[in-house]
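Trainee: Sequential numbering of the sequence shown, starting at 289, is according to my numbering.
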Amino acid sequence: MKNNIVFNILLSIVVGYLLTQLQLFLGSCYLINFLKQNLITLLVALIAINSATLSILLTKIRELLDKTGQISSFDNTKKQMIISIREQVIIVFVAILFLIIQDSSFIKFHSEFELFLNVSITGCFIYSLRILYDTAKSVFIILDY
289 MKNNIVFNIL LSIVVGYLLT QLQLFLGSCY LINFLKQNLI TLLVALIAIN
339 SATLSILLTK IRELLDKTGQ ISSFDNTKKQ MIISIREQVI IVFVAILFLI
389 IQDSSFIKFH SEFELFLNVS ITGCFIYSLR ILYDTAKSVF IILDY
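Here it is in structure tokens:
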């Protein structure tokens, strides 16, 4: 479980770095400007989508539990669902912190930290997308069950 979180964080940072480098290579500022203006809204929307999807999954799990009578079968699944919501809420606060720092006068005088912040902001978005992807995968797993 914790290894999965660490893996997702590292993967998000790597993808964020690659996207930031691609943006620099192409001489574009689109992605980071878009994320600066819309990241919090996007993250909150992804939490809403994830929550709605999880509620549908929980309904299906309840149906399965009623049919099989094995109450503890999905305990780990429920814990993972709670963890995914917590992760997304933490991502929102971390993204807010990075956006505040990026807009600070400190960064205007120390531009060497700008790459780190751009990678971190992009990584927050990628991490949130990974959580949504995991939730979407679970829908298909439950449907096949």
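Beta carbons: idealized from backbone N, C-alpha and C, even for Gly.
(1) Between the beta-carbon of Lys348 and the beta-carbon of Ile430, is there less than 8 Å?
(2) Between Ile414 and Val303, how many whole angstroms is the CB-CB distance? I'm expecting something under 8 Å.
(3) Kindly confirm or deny that the stretch 362-382 and the stretch 414-429 touch, where touching means at least three C-beta pairs closer than 8 Å.
(4) Could you tell me the alpha carbon to alpha carbon distance between Leu334 and Asn296, rounded to whole angstroms?
(5) Can you tell me whether Gln325 is buried or exposed? The criterion is at least 16 other CB atoms within 10 Å of its CB, across all chains shown.
(6) Identify whether Asp391 lies in helix, strand or coil by the three-state DSSP scheme.
(7) Please report the Cβ distance between Ser392 and Asn338, rounded to the nearest whole angstrom; I am assuming they are in contact, meaning their Cβ atoms lie under 8 Å.
(8) Terminal residues of the continuous alpha helix (DSSP H) containing Glu351?
(9) From the DSSP output, in three-state form, read off Leu304 for me.
(10) Between which residues of its own chain and Ile320 is the CB-CB distance below 6 Å, once the five residues before and five after are set aside?
(11) Look up Gly315 in the DSSP assignment and say whether it is helix, strand or coil.
(12) So, is Thr329 buried or exposed, given that buried needs 16 or more other C-beta atoms within 10 angstroms?
(13) To test your reading of the DSSP string, which unbroken alpha helix (DSSP H) runs of 4 or more residues are found completely within the stretch 381-427?
Mentor: Walking through what the data contain:
(1) To locate residue 348, count along the sequence shown from 1; it is residue 60. To locate residue 430, count along the sequence shown from 1; it is residue 142. Result yes, Cβ atoms of Lys348 and Ile430 sit closer than 8 Å.
(2) Residue mapping note: residue 414 aligns to position 126 of the sequence shown, counting from 1. Residue mapping note: residue 303 aligns to position 15 of the sequence shown, counting from 1. 5 Å between Cβ atoms; contact.
(3) yes
(4) Within the sequence shown, residue 334 is the residue found at index 46, counting from 1. Within the sequence shown, residue 296 is the residue found at index 8, counting from 1. About 16 Å.
(5) Residue numbering aside, residue 325 sits at position 37 when the sequence shown is read from its first letter. Answer is exposed; the Cβ neighbour count stays below 16.
(6) Along the sequence shown, one-based indexing puts residue 391 at 103. DSSP places Asp391 in coil when its eight states are reduced to three.
(7) Translated into positions along the sequence shown, residue 392 becomes position 104. Translated into positions along the sequence shown, residue 338 becomes position 50. Contact doesn't hold; Cβ gap of about 30 Å is too wide.
(8) Start at 1 with the first residue of the sequence shown, and residue 351 comes out as number 63. Element bounds for Glu351: 318-356.
(9) Within the sequence shown, numbered from 1, the residue matching residue 304 stands at position 16. Checking the sequence shown, residue 304 turns out to be Gly, not Leu. Looking at Gly304 - three-state DSSP - the assignment turns out to be helix.
(10) Reading the sequence shown from its first residue, position 32 is the one you call residue 320. So the list reads Asn406, once near-sequence residues are dropped.
(11) The count along the sequence shown starts at 1 and reaches residue 315 at position 27. In the structure shown, Gly315 falls within a coil segment according to DSSP collapsed to helix, strand and coil.
(12) Here the question's residue 329 lines up with position 41 in the sequence shown. Exposed is the call here.
(13) 393-397
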